[in-house]
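Everything below concerns the one structure shown next.
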């Protein structure tokens with residue numbers, strides 16, 4: 376039974392993907408791509424309402440009929456509310472995520488409610504994993520974080536995700552598929568005991584400061600137009616105001632994290648060690664570059680540098 | 090490549106204590122109207138399940154183990170079946186549902202159980218409404234459903250309050266938007282004439298009313314009841330109080346103590362019809378709204394000639410009866426005349442039946458009749474002499490007469506001389522029959538209370554009355570009310586029975602507290618309107634409604650058509666209402682007016698840039714289109730002033746909006 380519904384769901388997804396094509400983020404939920412069906416409680420309610428109607432007619436009871444009609448109308452209104460709850464919602468995804476093997480990957484979905492009424496109980500689903508939001512107030516963004524457990528190093532690619540709601544009474548389910556590739560690079564899990572010979576020396580270097588893209592300098596308020604990759608998701612997820620990380624650039628003598636320095640370990644262990652170093656240097660705010668066989672990432676600092684290095688580690692394939 | 094993470098099935102979150110408490114309260118509220126019709130142990134079982142489950146939730150424990158719950162369910166449902174021997178019908182069905190709601194609560198673990206309980210609550214509400222015509226019950230149950238629906242909304246995780254005002258508001262919005270839709274459905278959904286199929290009768294309460302026998306010697310509580318028997322609205326002028334006799338069962342068989350409906354008579358399914366008769370006097374048209382009672386007769390004014398009830402017929406005693414008991418409230422439009430005149434002489438059978446007295450009973454009465462008859466050979470004179478007897482001797486009218494023995498007429502006439510209408514009617518009829526004059530006792534209602542707030546008469550059980558009919562040659566059946574012969578001074582207070590003869594419009598409670606009486610009359614007027622317009626709404630009313638809407642030749646098909654159109658309009662309205670706040674339109678008039686100005690300029694290919702304020706925009710337009718410079722600069726200046734300047738302003742927002750509307754750009 377499960378596999379049957381699963382198969383049906385897959386067919387619907389595929390059909391929806393063919394029908395709508397790819398979406399550009401941020402995507403607004405359009406009427407044409409919003410589906411709605413009764414849930415199993417909705418079907419039970421329909422049967423019940425029919426029985427109520429027949430009972431009211433049979434006993435010729437105008438009050439019972441009035442009650443039955445009221446509940447029919449309530450169900451119809453609930454259907455409209457369910458549909459409206461998703462309609463026009465704007466969704467964006469923060470694709471800049473780091474994930475490590477044997478850990479968890481998190482997708483941050485930014486749901487923006489541009490309407491004047493608040494929205495409730497919206498669920499974001501990626502495959503079987505989902506996250507429920509409680510309420511999205513009018514004209515206020517809300518973050519839903521979906522956590523997906525990841526296995527080995529590599530690449531996780533999702534072709535789509537789903538927004539669904541059963542608001543208000545759980546009798547109807549409205550949903551939409553957003554067709555957009557979501558990619559997570561799963562970096563090797565950071566581990567290894569080796570230290571770099573010059574690793575401890577860097578702190579003494581003088582560094583000049585200028586407003587730029589490299590060094591974390593603090594948080595400031597979110598304004599429309601700022602790239603989402605600067606979003607301080609954790610702050611928002613904790614329930615704080617939307618904030619972005621601001622950075623100031625700095626120059627410093629770089630360190631090369633070399634494939635050769637991990638000589639003597641297995642391939643995965645070498646990658647894990649390199650990953651460890653990347654994270655350490657990033658945390659210590661020190662410029663670094665990465666050299667793998669066939670890959671060279673010039674020195675730099677900041678989320679972009681870190682992301683590029685982790686991506687290279689995730690995708691590294693000895694054979695190529 | 091890593092593509093798939095281990096699947097994790099979505100599981101409903103477990104119920105929290107506050108959710109359980111909310112749904113438990115809803116179940117309890119639903120059961121309140123049903124509680125009297127359930128066997129006592131059912132509400133106790135439900136209360137116990139709620140208590141056990143809430144207790145477990147409060148201590149963060151799981152519900153009781155499954156085998157225990159199963160055992161309790163099987164036991165309870167088995168007991169219920171032993172109690173009712175069926176699960177069919179509203180009473181047993183609602184008991185079963187109530188029990189199921191309680192047991193479901195006992196085992197509820199997740200949100201889905203709340204959904205199921207909600208559906209049970211809905212059906213319980215319907216079961217409670219099936220046999221009811223109470224406005225308050227409907228309002229109450231709609232309120233309960235509103236609460237129950239609110240508990241179905243996923244609670245906010247951070248919500249601390251038990252009531253959840255946000256959920257209540259959302260639920261209220263849904264119910265408010267459902268109201269017009271349900272009104273259209275209710276008004277135009279085609280009704281059927283009869284039931285679709287026969288089901289066990291909806292539970293009816295104790296029904297009072299006249300019975301098919303009368304024993305004046307026994308105590309009667311009937312006259313004390315203030316229950317409404319029926320209400321009457323006169324379409325013509327109402328008859329005078331002395332003409333307002335509402336005819337019920339006619340009692341012709343007398344065994345010396347008890348008067349009964351004769352076999353083949355009004356209550357016995359007799360198909361005989363009255364002999365040919367002529368009606369005289371003014372005609373009265375009126376609508377009788379009968380409360381349900383347990384017998385087949387329909388109270389109409391003497392003497393009925395027309396009625397709009399297909400199955401009802403007039404018996405040979407002029408009693409209007411229908412084939413089935415009046416088990417539901419009905420309205421009858423009827424016409425009556427004040428006088429009737431038989432055309433043919435009384436048939437020998439009827440003459441024999443209506444002159445018969447049990448032999449050897451009430452001997453003193455018979456002697457009295459013989460003595461009086463000897464002095465008055467003329468029937469009318471004899472009737473008059475008996476009435477004089479009541480008037481002149483010390484007969485008292487009381488609702489609390491002494492109990493009488495076997496020879497009740499003798500004891501009443503010669504010993505106690507105290508009684509109410511039944512005693513006088515019985516004694517009079519006995520005296521008449523003893524003199525060979527065909528006589529019968531008629532029971533029904535007389536008098537009544539006029540409700541001046543809504544122009545109708547309320548007939549209560551306390552207005553029940555008994556009088557006599559004597560057959561006078563050449564005149565036919567003639568009404569004689571011996572109770573009316575009592576000297577008003579000998580009427581004990583605290584009785585409204587003969588009040589009709591004196592002043593029918595004032596009953597005893599009305600005399601005491603006029604303001605309360607008025608309030609009660611107003612309430613009764615509302616009740617009557619509710620009954621007529623809402624509870625009694627049927628196919629006929631629907632066709633009348635169509636006629637009122639000036640739809641020519643209303644019929645069923647047009648009803649369905651109107652329903653369809655109404656539903657489409659209501660759904661369009663609903664869509665509009667639901668999506669109204671979906672667009673983020675500026676709320677204030679000033680912003681709307683300014684935006685429409687910008688729209689106009691945009692159509693003239695001078696769109697405002699996102700960063701431009703009103704002043705800069707105006708400056709740019711002045712540069713690009715010198716012809717527009719003056720009006721646009723003025724308008725943008727007004728906008729800036731209205732938006733940012735301190736009050737008082739030189740122009741009002743309305744004037745600004747009007748100026749924007751008036752502006753045309755070539």
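Protein chains in written order, with my numbering: chain A, 376 to 695; chain B, 90 to 755.
Glycine is no exception: its CB is placed at the ideal position from the N, C-alpha and C atoms.
Nothing here was measured: the structure is a model prediction, and the numbers come from that model.
Practice prompt. List the residues of chain B that residue 445 (chain A) touches, going by C-beta distances under 7 Å, in chain order.
Written response: Mapped onto the first chain, residue 445 (chain A) falls at position 70. Per Cβ cutoff of 7 Å: 231, 267 and 271.
Worksheet item: Measuring CA to CA, which of B:738, B:196 and B:505 is closest to residue 77 (chain B)?
Response: Not covered by the structure: residue 77 (chain B). The range shown for chain B is 90 to 755.
Worksheet entry | Contact between the stretch 461-476 of chain B and the stretch 412-425 of chain B (3+ Cβ pairs under 8 Å) | no
Worksheet item: Taking the alpha-carbon positions, what's the residue 397 (chain B) to residue 411 (chain B) distance?
Response: Position 308 of the second chain, counting from 1, holds the residue named residue 397 (chain B). Position 322 of the second chain, counting from 1, holds the residue named residue 411 (chain B). Approximately 12 Å between the Cα atoms of the pair.
Worksheet item: Going along the chain, which unbroken runs of the alpha helix (DSSP H) with 4 or more residues stay wholly within the stretch 706-742 of chain B?
Response: 718-733
Worksheet item: Beta carbon of residue 550 (chain A), beta carbon of residue 568 (chain A): below 8 Å?
Response: For the purposes of this step, residue 550 (chain A) is identified with residue 175 of the first chain, where counting begins at 1. For the purposes of this step, residue 568 (chain A) is identified with residue 193 of the first chain, where counting begins at 1. Not closer than 8 Å, so no.
Worksheet entry | Whole-angstrom distance between residue 647 (chain B) and residue 694 (chain B), CA atom to CA atom | Sequence index remark: in the second chain, residue 694 (chain B) carries index 605 (1-based). Sequence index remark: in the second chain, residue 647 (chain B) carries index 558 (1-based). The straight-line gap from Cα to Cα measures roughly 53 Å.
Discussion item. Let me check understanding here. Comparing Cα to Cα, which of B:200, B:345, B:528 and B:405 lies closest to residue 107 (chain B)?
Written reply: Counting from one through the second chain, the residue named residue 107 (chain B) turns up at place 18. Residue B:200 is the option with its Cα nearest to residue 107 (chain B).
Worksheet item: What are the boundary residues of the alpha helix (DSSP H) that residue 540 (chain B) is part of?
Response: Translated into positions along the second chain, residue 540 (chain B) becomes position 451. Unbroken run through residue 540 (chain B) is the beta strand (DSSP E), 538-540; no alpha helix (DSSP H).
Discussion item. Taking 8 Å as the cut-off, does the stretch 453-461 of chain B touch the stretch 497-511 of chain B (at least 3 CB pairs, one atom from each stretch)?
Written reply: yes
Worksheet item: For residue 451 (chain A), which residues from the same chain have a beta carbon less than 8 Å from its beta carbon, with the 5 sequence-adjacent residues on both sides left out?
Response: The residue given as residue 451 (chain A) occupies position 76 in the first chain. Within the same chain, residue 451 (chain A) has no close Cβ partners at all.
Item to complete: Measure the Cβ-Cβ separation of residue 546 (chain A) and residue 453 (chain A) and say whether it is below 8 Å.
Response: Along the first chain, one-based indexing puts residue 546 (chain A) at 171. Along the first chain, one-based indexing puts residue 453 (chain A) at 78. Cβ atoms of residue 546 (chain A) and residue 453 (chain A): closer than 8 Å.
Worksheet entry | Through-space distance from residue 707 (chain B) to residue 721 (chain B), alpha-carbon basis | On the second chain, residue 721 (chain B) is found 632 positions in, with the first residue counted as 1. On the second chain, residue 707 (chain B) is found 618 positions in, with the first residue counted as 1. If you take the alpha carbons of residue 721 (chain B) and residue 707 (chain B), they lie about 6 Å apart.
Worksheet item: Are the C-beta of residue 241 (chain B) and some C-beta of chain A separated by less than 8 Å?
Response: Counting from 1 along the second chain, the entry for residue 241 (chain B) is found at position 152. Cβ-Cβ to chain A under 8 Å: yes for residue 241 (chain B).
Worksheet item: Under a Cβ-count criterion, where at least 16 other Cβ atoms within 10 Å of its own Cβ denotes burial, should residue 490 (chain B) be classed as buried or exposed?
Response: As a working note, residue 490 (chain B) is residue 401 in the second chain. By the 10 Å Cβ count, residue 490 (chain B) comes out buried.
Worksheet item: Quick one: what's got a C-beta closer than 8 Å to residue 656 (chain B)'s C-beta in the same chain, skipping five residues either side?
Response: One-based indexing of the second chain puts residue 656 (chain B) at position 567. These residues qualify, in order along the chain: 270, 273 and 274.
Discussion item. So residue 439 (chain A) contacts chain B; which residues on that side make the cut at Cβ distance below 8 Å?
Written reply: Along the first chain, one-based indexing puts residue 439 (chain A) at 64. Here the neighbours are 215, 218 and 219.
Practice prompt. Quick one: using the 10 Å Cβ neighbour count with 16 as the cut-off for buried, is residue 534 (chain A) buried or exposed?
Written response: Counted from its first residue, the first chain places residue 534 (chain A) at position 159. Flag for residue 534 (chain A) reads exposed.
Discussion item. Restricting to Cα atoms, I'd like to know which of B:526, B:382 and B:568 is closest to residue 443 (chain B).
Written reply: In the second chain, residue 443 (chain B) corresponds to position 354, counting from 1. If we check each option's Cα against that of residue 443 (chain B), B:526 comes out closest.
Worksheet item: Does the stretch 201-215 of chain B come close enough to the stretch 117-127 of chain B to have 3 or more Cβ pairs within less than 8 Å?
Response: yes
Item to complete: Grab the span of the alpha helix (DSSP H) containing residue 467 (chain A) for me, first residue to last.
Response: Here residue 467 (chain A) refers to the residue found at position 92 when the first chain is read from its first residue. It is not in any alpha helix (DSSP H) - residue 467 (chain A) instead sits in the beta strand (DSSP E) that spans 465-469.
Worksheet entry | Closer than 7 Å at the beta carbon, the chain B residues around residue 475 (chain A) | Counting from 1 along the first chain, the entry for residue 475 (chain A) is found at position 100. None at all; the shortest Cβ gap to chain B is about 12 Å.
Practice prompt. Give me the Cα-Cα distance between residue 780 (chain B) and residue 426 (chain B), rounded to the nearest whole angstrom.
Written response: As displayed, chain B neither begins before 90 nor continues past 755, which places residue 780 (chain B) out of reach and without an answer.
Item to complete: Give, in chain order, every residue of the stretch 637-665 of chain A whose Cβ lies closer than 9 Å to some Cβ of chain B.
Response: none
Discussion item. So for residue 525 (chain A), helix, strand or coil by DSSP?
Written reply: In the first chain, counting from the first residue as 1, residue 525 (chain A) sits at position 150. Residue 525 (chain A) falls in the coil class under three-state DSSP.
Worksheet item: Using a C-beta to C-beta distance shorter than 7 Å, which residues of chain A count as neighbours of residue 264 (chain B)?
Response: Here residue 264 (chain B) refers to the residue found at position 175 of the second chain. Those are 449, listed as they occur along chain A.
Practice prompt. Confirm, please, whether the CB-CB distance from residue 191 (chain B) to residue 260 (chain B) is below 8 Å.
Written response: In the second chain, the residue the question calls residue 260 (chain B) occupies position 171. In the second chain, the residue the question calls residue 191 (chain B) occupies position 102. No, the pair does not count as a contact, with Cβ atoms beyond the cut-off.
Worksheet item: Buried or exposed: which applies to residue 147 (chain B), given that a residue is buried once 16 or more other Cβ atoms fall within 10 Å of its Cβ?
Response: Your numbering for residue 147 (chain B) matches position 58 in the second chain. The residue in question, residue 147 (chain B), is exposed, as its Cβ has fewer than 16 Cβ neighbours within 10 Å.
Fill in: Neighbour-count burial assignment, residue 573 (chain B), 16 or more Cβ in a 10 Å radius
In the second chain, residue 573 (chain B) corresponds to position 484, counting from 1. Answer is buried; the Cβ neighbour count reaches 16.
Discussion item. Beta carbons nearer than 7 Å to chain A: which residues of the stretch 617-630 of chain B have them?
Written reply: 623, 624 and 626
Worksheet item: Is residue 467 (chain A) close to chain B, meaning its C-beta is less than 8 Å from at least one C-beta of that chain?
Response: On the first chain, position 92 is the one that residue 467 (chain A) refers to. Chain B contact via Cβ: absent.
Worksheet item: Which one of B:754, B:372 and B:440 has the shortest CA to CA distance from residue 392 (chain B)?
Response: Reading the second chain from its first residue, position 303 is the one you call residue 392 (chain B). Out of B:754, B:372 and B:440, B:372 has the C-alpha closest to the C-alpha of residue 392 (chain B).
Discussion item. 8 Å is my cut-off, CB to CB: does residue 452 (chain A) come that close to chain B?
Written reply: On the first chain, residue 452 (chain A) is found 77 positions in, with the first residue counted as 1. Chain B, which has a Cβ nearer than 8 Å to the Cβ of residue 452 (chain A), makes this yes.
Fill in: From B:227, B:517, B:493 and B:510, residue whose alpha carbon lies closest to that of residue 477 (chain B)
Taking the second chain and counting its residues from 1, the one referred to as residue 477 (chain B) is at position 388. Of the listed residues, the one whose Cα sits closest to residue 477 (chain B) is B:517.
Worksheet item: Does the beta carbon of residue 663 (chain B) sit closer than 8 Å to a beta carbon anywhere in chain A?
Response: Along the second chain, one-based indexing puts residue 663 (chain B) at 574. Chain A, which has a Cβ nearer than 8 Å to the Cβ of residue 663 (chain B), makes this yes.
Item to complete: Spell out whether any CB of chain B is found under 8 Å from the CB atom of residue 432 (chain A).
Response: Within the first chain, numbered from 1, the residue matching residue 432 (chain A) stands at position 57. For residue 432 (chain A), the answer is yes, since a Cβ of chain B falls inside 8 Å of its Cβ.
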